[in-house]
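Engineer: Protein sequence lines correspond, in order, to chains S and V.
The working numbering applies: residue 1 is where the first sequence begins, and numbers increase by one.
The working numbering applies: residue 1 is where the second sequence begins, and numbers increase by one.
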Amino acid sequence: MAQGDFNLENEWKYLIYRLGGELYGSPLLSVKEVIKVVKIKPVPYTVPHYRGIISLRGNIIGVVDLRIKFGLAPQENKYGGNVLIVENDEMMIGALVDDVDSVMALNKDDVDLNPAIETKIDTKFFIGIAKVEDSLINLIDIAGTLSNEDLKVISRNRGVL
Amino acid sequence: MVEKNEKYDMDIVKCFLSEGKELVDEFEHVLLDFDKGQKTPEVIGKLFRMMHNLKGASKTAGFSRLTDFCHSIENVLQNVRNGKLNPSKEVCSSLFKALDLLKAYIAGIGVDVNFTTDTSFIEKELKFITTATVMGEKGDQKSAIIMTMTQDSPVTKNVSTIESANANANAKPKTEVKDVVIGKLVEAPIAKIAVANNSNSISSIMEESIVEKGVITEDQIDKSFQIQKNGNGNSNGAGAGSNSAGTGAAGSVREEQIRVGLWRLDTLINFIGELIIYHSMIKERTSQLNIDDSILLEAISYMGKVVKEIQSISLSLRMIPIKSVFKKMQRTVRTIAELQNKRVNFITEGEDVELDKVVVDMIGDPLTHLIRNALDHGIETPEERIKKGKDPEATLTLKAEHKEGNVYITVKDDGRGIDRERVWNKAVEKGLVPASKKRDFTEDEMLRILTLPGFSTKEEVSEISGRGVGLDVVRTTIEGIKGNFWIDSTIDLGTTFYINIPLTLSIIEGMVISLENMKYVVPMGQLVETINNSRYITVSSAGKGRMINLRGEVIPVLDLAKMIHGSRCRSNDDGEEKPQADFSGLVINYGGRKVSLEVENVFSQQQIVIKNLGKELVDIPGIIGGFILGDGEAGLILNLPEIVKYNAHLIEKNSDKVAYN
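#1: Does the distance from the CB of V43 of chain V to the CB of L99 of chain V come in under 9 Å?
#2: May I ask you to list, following chain order, the residues of the region 616-627 of chain V that have a beta carbon less than 9 Å from some beta carbon of chain S?
#3: Answer with yes or no whether the minimum CB distance from N59 of chain S to chain V is below 9 Å.
#4: Just to check my reading of the structure: Y511 of chain V and Q605 of chain V have Cβ atoms closer than 8 Å, yes? What is that Cβ distance to the nearest angstrom?
#5: When you compare the CB of I643 of chain V with every CB in chain S, is at least one pair closer than 9 Å?
#6: Do I204 of chain S and R51 of chain S have their CB atoms nearer than 9 Å?
#7: With DSSP run on the structure shown, which of helix, strand or coil describes S489 of chain V?
#8: For my contact list, V344 of chain V and E383 of chain V are in at a C-beta cut-off of 8 Å; report their separation, rounded to the angstrom.
#9: Is it buried or exposed for T46 of chain S, if we count other Cβ within 10 angstroms and need 16 for buried?
#10: Could you give the distance in angstroms between the alpha-carbon of E633 of chain V and the alpha-carbon of D101 of chain S?
#11: Applying a beta-carbon distance threshold of less than 8 Å, which residues of chain V neighbour G62 of chain S?
#12: Using the DSSP secondary-structure output, state which residues sit across from F48 of chain V in a beta bridge.
#13: First and last residue of the alpha helix (DSSP H) that includes G110 of chain V?
#14: Name the chain V residues whose beta carbon is nearer than 8 Å to that of K41 of chain S?
#15: Check this for me: beta carbons of G585 of chain V and I548 of chain V, under 9 Å apart or not?
#16: Going by beta-carbon coordinates alone, are L65 of chain S and N82 of chain S separated by less than 9 Å?
#17: Within the continuous alpha helix (DSSP H) that includes S147 of chain S, where are the two ends?
#18: May I ask you to report which of helix, strand or coil DSSP gives V37 of chain S?
#19: Going by beta carbon distance, what residues of the same chain come within less than 6 Å of M639 of chain V, once the five residues before and after it are set aside?
#20: Along the region 271-291 of chain V, what residues have a CB closer than 8 Å to any CB found in chain S?
#21: Sorted by chain position, which residues of the same chain lie with C-beta nearer than 6 Å to P641 of chain V's C-beta, five sequence neighbours on each side aside?
#22: Using a Cβ cut-off of 9 Å (strictly closer), state whether T145 of chain S contacts chain V.
#23: How far does the alpha helix (DSSP H) with Q78 of chain V in it reach, from first residue to last?
#24: Out of curiosity, what's the CA-to-CA distance linking V644 of chain V and E28 of chain V?
#25: What is the rounded straight-line gap between the Cα of D112 of chain S and the Cα of L139 of chain S?
#26: Secondary structure at L527 of chain V, three-state DSSP: helix, strand or coil?
#27: Checking the sheet assignment: what are the DSSP bridge partners for W12 of chain S?
#28: L15 of chain S and V103 of chain S look like a contact to me (Cβ under 8 Å); what is the Cβ gap, rounded to whole Å?
#29: Decide if A104 of chain V is buried, meaning its Cβ has at least 16 other Cβ atoms within 10 Å, or exposed.
#30: Hey, is E90 of chain S's beta-carbon within less than 9 Å of any beta-carbon in chain V?
#31: Near I272 of chain V, what residues of its chain come up, given a Cβ to Cβ distance below 7 Å and the 5 sequence neighbours on each side ignored?
#32: My assumption, with CB atoms under 8 Å, is that V63 of chain S sits in contact with A143 of chain S. Please give the rounded CB distance.
#33: Decide yes or no for the touch test of the region 333-342 of chain V against the region 354-361 of chain V: beta carbon pairs closer than 8 Å, at least 3 of them.
#34: So which of V:L77, V:V76, V:G20, V:E443 has the shortest CA-CA distance to G110 of chain V?
#35: How far does the beta strand (DSSP E) with I347 of chain V in it reach, from first residue to last?
#36: Any beta-carbon of chain V closer than 9 Å to the one on I53 of chain S?
Structure representation (structure tokens):
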């Protein structure tokens with residue numbers, strides 16, 4: 001499946017996770033694995049949402065804090081949560097989330113593709129909002145948003161912590 | 001890649017290809033020595049034997065035309081050996097030409113076993129030298145004959161042969177070599193036209209064009225061989241094994257060796273890196289859990305020794321001498337000097353210096369460029385040199401040496417030097433620098449302008465260099481392998497290009513330190529000394545700067561944690577007097593003076609396996625790479641001078657105080 005290629009004819013499986021009390025979902029296939037948060041080592045001179053690096057079986061992988069990236073309040077407990085390991089054409093990168101909820105199959109009727117909401121998320125990578133039972137789920141093309149150019153911007157603020 | 005073919009036994013062909021390439025490379029090395037004056041019977045005998053072996057291998061593999069070609073080269077060597085033929089410069093030139101064609105031929109076979117190319121024009125030349133010189137004919141007649149025979153050379157036929165081979169080949173992604181070979185042959189007629197126009201420099205122009213292509217072809221061949229290896233997996237392993245046995249049987253005297261694909265080596269080295277990590281994890285865990293089992297602890301400690309041993313062996317596996325690159329340069333110098341009618345004494349030093357294979361592979365192109373630059377821009381013609389009162393024979397030195405854990409490579413000529421004024425004016429003219437800023441540039445910085453993209457002072461774009469894509473590419477390549485490149489030059493005394501590169505890209509000797517309970521590594525090469533929990537008196541000066549008294553020398557103290565962690569620092573920015581009994585710090589050289597960096601703890605010195613960081617971190621200043629510690633935690637390897645530079649305002653603030661003190 002191409003990243004962000006949301007085909008309404010079919011039913012897609014989404015990984016549902018929490019960020020600041022809200023539910024988010026991303027195509028299951030773009031998430032390679034979910035790991036428990038280990039100590040994240042900050043990297044100087046990077047953008048605020050670049051939380052740092054972790055080691056994953058002998059490789060070093062960067063971790064992006066999705067809360068900060070999506071304009072939510074940063075997580076209070078620094079080491080809580082899960083990291084979704086996302087692989088796209090360019091790289092492998094981790095996405096820090098509060099908690100992984102479930103895997104859900106969503107279809108056409110569940111999803112509002114053009115919701116009237118304001119979000120900090122780049123509309124290119126915002127798939128839509130799914131209504132499931134009583135809750136709303138923000139659907140994000142996570143592989144797309146993490147390969148976004150803003151990762152490469154060096155923060156000129158000295159330090160990130 | 002070699003296709004299935006009934007006529008040829010693919011296993012034998014594979015052996016032939018790898019052995020052939022080796023023989024041809026070695027032949028080139030020896031021929032260069034020979035050309036430089038080592039015309040001893042041993043050397044000639046060696047050349048003869050190598051060509052004979054190649055002929056034999058080619059015959060075994062079933063390439064009859066190639067066998068014939070080898071035979072004609074062998075004939076020339078035979079006559080030299082018998083003393084019938086005087087090994088003049090011209091003979092050597094012809095042999096070099098033949099060698100280039102051989103290389104292309106073997107590369108062509110690597111692409112398609114049915115590959116053939118027309119060797120007649122060189123064969124005729126070889127035959128001519130053999131007979132002509134033996135019969136005592138004169139040189140000018142020789143050039144006339146070469147002219148005629150080059151004109152009717154069936155180059156077009158060659159191209160079509162290869163193209164059809166191209167079409168026949170299954171759609172495998174190995175067209176690279178084909179293209180190059182075609183490129184080479186397409187280029188050939190141009191050389192020949194040039195020959196027809198200017199009979200005086202027949203051999204030089206012809207050779208130049210072939211070598212020009214030859215250099216590229218060779219690299220491509222290298223690559224294609226690697227691809228072949230990579231893609232071939234196990235079956236190739238067997239082939240490689242039998243190949244080494246084959247060469248052994250062929251009777252050449254050499255240390256027994258086995259060829260291993262680079263990917264295998266890399267995988268091995270990676271796993272050994274992990275082995276080290278897991279070993280330290282076990283070690284740390286046992287001490288955390290207070291395990292007091294002497295047998296277990298002894299085993300862990302012994303294992304540590306073995307692991308270290310394995311690591312040092314594994315790292316040396318990737319190291320190869322820089323010799324192969326230097327030999328190629330000799331060839332380049334010879335060709336260009338001949339083409340430009342310059343007399344050059346080319347000296348190489350430190351050929352046995354070993355570098356990581358990757359570095360050696362990457363250093364070739366920049367070095368070629370620097371050598372060409374020196375020959376084209378730097379070294380004058382003999383007439384000009386005599387006018388200046390210099391030795392008409394210029395000296396060009398290519399030197400490699402170990403220093404401070406790095407390898408320094410210098411390319412030094414005694415030519416006309418670089419005119420900084422001209423560089424400046426040209427740069428202004430090209431809009432690379434603002435004319436008004438001249439005073440801000442130091443002498444060294446003026447030379448740095450040369451490495452800006454799009455700079456070239458040579459008025460006419462020449463064949464050799466001066467396409468305006470030169471030194472900036474050199475610099476980028478060198479910096480790409482974590483090296484430095486700089487230039488020094490004095491008018492009429494010459495120019496020196498300096499390259500400084502790390503020994504290997506995969507490991508450094510590092511000092512483990514901590515900042516705010518997080519571990520970092522600092523390359524040992526950057527440290528002057530470390531201060532570990534010593535009771536140094538902190539000389540506090542009025543205002544903001546903090547100093548320490550290091551054996552009578554007062555040097556500024558910078559808070560490393562603050563510099564890389566930003567606002568979340570321990571020490572407060574007001575710089576109130578903080579008498580610190582336990583000061584741990586690193587002393588580095590920054591811009592010619594000592595600076596100490598305060599850290600939380602200085603732990604131990606150890607070998608650190610450098611791990612690549614993600615693409616997103618490529619441009620972040622102050623970081624060399626990442627590492628994984630014994631507890632499985634990731635960390636950063638810091639580049640201290642760069643961090644200090646990035647925080648230059650801090651040191652400036654402090655250094656005022658130094659002056660004051």
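The beta-carbon is built from N, C-alpha and C at its ideal position, and this holds for glycine as well.
Structural biologist: For this structure:
#1: Against a cut-off of 9 Å, the Cβ pair of L99 of chain V and V43 of chain V comes out as no contact.
#2: So the close ones are E616, L617, V618, D619, I620, P621, G622, I623, G625, G626, F627.
#3: So yes, N59 of chain S belongs to the interface.
#4: In the sequence on display, residue 511 of chain V carries Met and not Tyr. The pair is a contact, with the Cβ atoms about 5 Å apart (cut-off 8 Å).
#5: So yes, I643 of chain V belongs to the interface.
#6: Past the edges of chain S, shown from 1 to 161, lies residue 204 of chain S, and the structure says nothing about it.
#7: In the structure shown, S489 of chain V falls within a strand segment according to DSSP collapsed to helix, strand and coil.
#8: No, V344 of chain V and E383 of chain V are not in contact; Cβ-Cβ is about 15 Å, not under 8 Å.
#9: Buried, by the Cβ-count rule.
#10: In this structure, the alpha-carbon of E633 of chain V lies about 27 Å from that of D101 of chain S.
#11: In chain order: L613, G614, E616, L617.
#12: The partner list for F48 of chain V (beta bridge, DSSP) is empty, contrary to what the question assumes.
#13: Going by DSSP, G110 of chain V is part of the alpha helix (DSSP H) stretching over 89-111.
#14: Within 8 Å Cβ-Cβ: M518, E633, A634, G635, L636.
#15: Annotated as proximal: G585 of chain V and I548 of chain V, with beta-carbon spacing under 9 Å.
#16: This sequence places Asp at residue 65 of chain S; Leu is not what is there. Their beta carbons are not under 9 Å apart, which means D65 of chain S does not touch N82 of chain S by this criterion.
#17: Where S147 of chain S is concerned, there is no enclosing alpha helix (DSSP H), because DSSP gives it neither an H nor an E.
#18: When secondary structure is reduced to three states using DSSP, V37 of chain S falls in the coil class, being assigned neither helix nor strand.
#19: The sequence shown places Asn at residue 639 of chain V, not Met. Here N639 of chain V has G622, I624 as same chain residues with Cβ atoms under 6 Å from its own Cβ, once five neighbours each way along the sequence are excluded.
#20: Those residues of the region 271-291 of chain V that come within reach of chain S (Cβ to Cβ, closer than 8 Å) are G273, E274, I277.
#21: Hits under 6 Å: Y590.
#22: Interface flag for T145 of chain S against chain V is unset, since no Cβ pair is found closer than 9 Å.
#23: Q78 of chain V -> alpha helix (DSSP H) spans 64-82.
#24: Our two residues, V644 of chain V and E28 of chain V, have alpha carbons roughly 48 Å apart in a direct line.
#25: In a straight line, the C-alpha of D112 of chain S is about 10 Å away from that of L139 of chain S.
#26: Residue state, collapsed to three classes: strand.
#27: Note: W12 of chain S sits in a beta bridge opposite S:L106.
#28: Correct: roughly 6 Å between the Cβ atoms.
#29: It counts as buried.
#30: Chain V, which has a Cβ nearer than 9 Å to the Cβ of E90 of chain S, makes this yes.
#31: Same-chain partners within the cutoff: I310, Q311, S314.
#32: Actually they are not in contact, since the Cβ atoms of V63 of chain S and A143 of chain S sit about 15 Å apart, beyond 8 Å.
#33: Touching, no.
#34: Looking at V:L77, V:V76, V:G20, V:E443, the one whose alpha-carbon comes closest to that of G110 of chain V is V:G20.
#35: Per DSSP, I347 of chain V belongs to the beta strand (DSSP E) from 344-349.
#36: With 9 Å as the cut-off, I53 of chain S counts as an interface residue toward chain V.
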